[in-house]
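Residue numbers (full-length UniProt numbering): 1 to 320.
All C-beta atoms in this analysis are idealised placements derived from N, C-alpha and C, irrespective of residue type, glycine included.
The model shown is predicted, which means the values in this text are computed figures rather than measured ones.
Have a look at the structure below, then the notes.
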Ligand code: F6P
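Printed below as a string of structure tokens:
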């Protein structure tokens, strides 16, 4: 393979830049020409494509966001938009495309695969919602950001003897809530993968208060049915505790990637280059234990059932 391109698509995630760097430098090391496509599939349609050199990716390893910008392209889903994207790839004689993004971005890559383009998917999303991989690039940083917020909120919550519902991102996946809740010692964690038992939550808060615990942290993943405001109201009504809501929002998507995310991004980015050099078919790259793995792109997208029930049980046991 002589000429490839890389793009980032969907919600940005810390470590995307580290992944771009690994793809660009890995390709150049092996004398493969590499292009950067700006604004994801939208930029591909518009021909926002530029050749990258070693210096193009200098000083980005430690930065959040994505130097290539990102977008959620609606036009790419139309037959005309898709055809324009295909024409651009043909005009630039791009033989392989590295897509850094989440589920939706991979689905776009699958359409390109069906049209004859080789696509390597790198899981770049804070949500950790791709079942084929243990972890996605950006998840570890997001969890650490939430953890730091929990620490700050706990200080003020404790000073005022309040409870606080902290709403975190994750779309339909509860992993950010689960990992941050477990490591931040949250009293309760609500995730979309498990039914919400409000009686049990309130019972636990009352038991804690009877033991002298005067503040609580409740982590609610955004995909949970009951809203944060409703939840806070029910807790206030049933326990008499003043309960505040904090929505962390985009804070979770920014910031310098952790060492863990930089390593993951560097290893996965280079794996994409290795696979492209082997003339592999389209793959989704992931991590299983300490090993970098790859699955057929479509197979990976069809995988389900990643929810870590035992971690939830552990969090529940340790927060009595
Ligand atoms: O997929 C990443 C994510 O941050 C989700 O956690 C969240 O639901 C969504 O993106 C927010 O999307 P937008 O950037 O369009 O507001």
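- Setting aside the 5 residues that flank it on each side, residue 144 is surrounded in the same chain by 258, each with a C-beta closer than 7 angstroms to its C-beta; the list follows chain order.
- Boundaries of the beta strand (DSSP E) harbouring residue 120: 118-123, taken from the DSSP string.
- Given a length threshold of 4 residues, each whole run of the alpha helix (DSSP H) inside the stretch 14-80 is given here in chain order: 16-29 and 40-46.
- A distance criterion of 7 angstroms places the beta-carbon of residue 124 beyond contact range of ligand 1, judged by its closest non-hydrogen atom.
- By the criterion of a C-beta distance shorter than 6 angstroms, residue 241 is surrounded in its chain by 163, once the five residues flanking it on both sides are discounted.
- In its chain, beyond the 5 residues on either side, 129, 192 and 223 have a beta carbon closer than 7 angstroms to the beta carbon of residue 172.
- Taking 8 angstroms as the cut-off, the beta carbon of residue 124 is found no closer than this to the beta carbon of residue 1.
- Going by beta carbons, residue 18 and residue 265 fall inside the 8 angstroms limit.
- Between residue 255 and residue 64 a beta carbon distance of about 5 angstroms is seen, short of the 8 angstroms cut, so the two are scored as contacting.
- Not one heavy atom of ligand 1 is found less than 7 angstroms from the C-beta of residue 298.
- Comparing alpha carbon positions, the residue from 280, 38, 71 and 22 closest to residue 60 is 22.
- In terms of Cβ geometry, residue 284 and residue 106 form a close pair [threshold 8 angstroms].
- Closer than 7 angstroms to some heavy atom of ligand 1: that describes the Cβ of residue 169.
- Only buried fits residue 188, as 16 or more other CB atoms lie within 10 angstroms of its CB.
- Positions of the alpha helix (DSSP H) runs, each at least 4 residues long and wholly inside the stretch 181-262, are given as 198-210 and 228-239 in order along the chain.
- Looking at the backbone, the Cα of residue 183 and that of residue 80 are separated by about 47 angstroms.
- The C-alpha of residue 108 is placed about 18 angstroms away from the C-alpha of residue 127.
- Boundaries of the alpha helix (DSSP H) harbouring residue 114: 103-114, taken from the DSSP string.
- Exposure of residue 203 is indicated by the presence of fewer than 16 other C-beta atoms within 10 angstroms of its C-beta.
- Nearest neighbour of residue 210 by Cα position, chosen from 156, 320 and 149, turns out to be 320.
- Close CB contacts of residue 194 within its chain, under the 7 angstroms cut and outside five residues either way in sequence, are with 312 (chain order).
- Rounded to whole angstroms, the gap between the alpha carbons of residue 290 and residue 270 is 15 angstroms.
- Following the DSSP letters along the chain, one finds residue 167 inside the beta strand (DSSP E) bounded by residues 163-168.
- Distance from the Cα of residue 157 is smallest, within the candidate group 219, 215 and 288, for 215.
- Closer than 7 angstroms to some heavy atom of ligand 1: that describes the Cβ of residue 222.
- DSSP places residue 281 in the coil class of the three-state scheme, outside both helix and strand.
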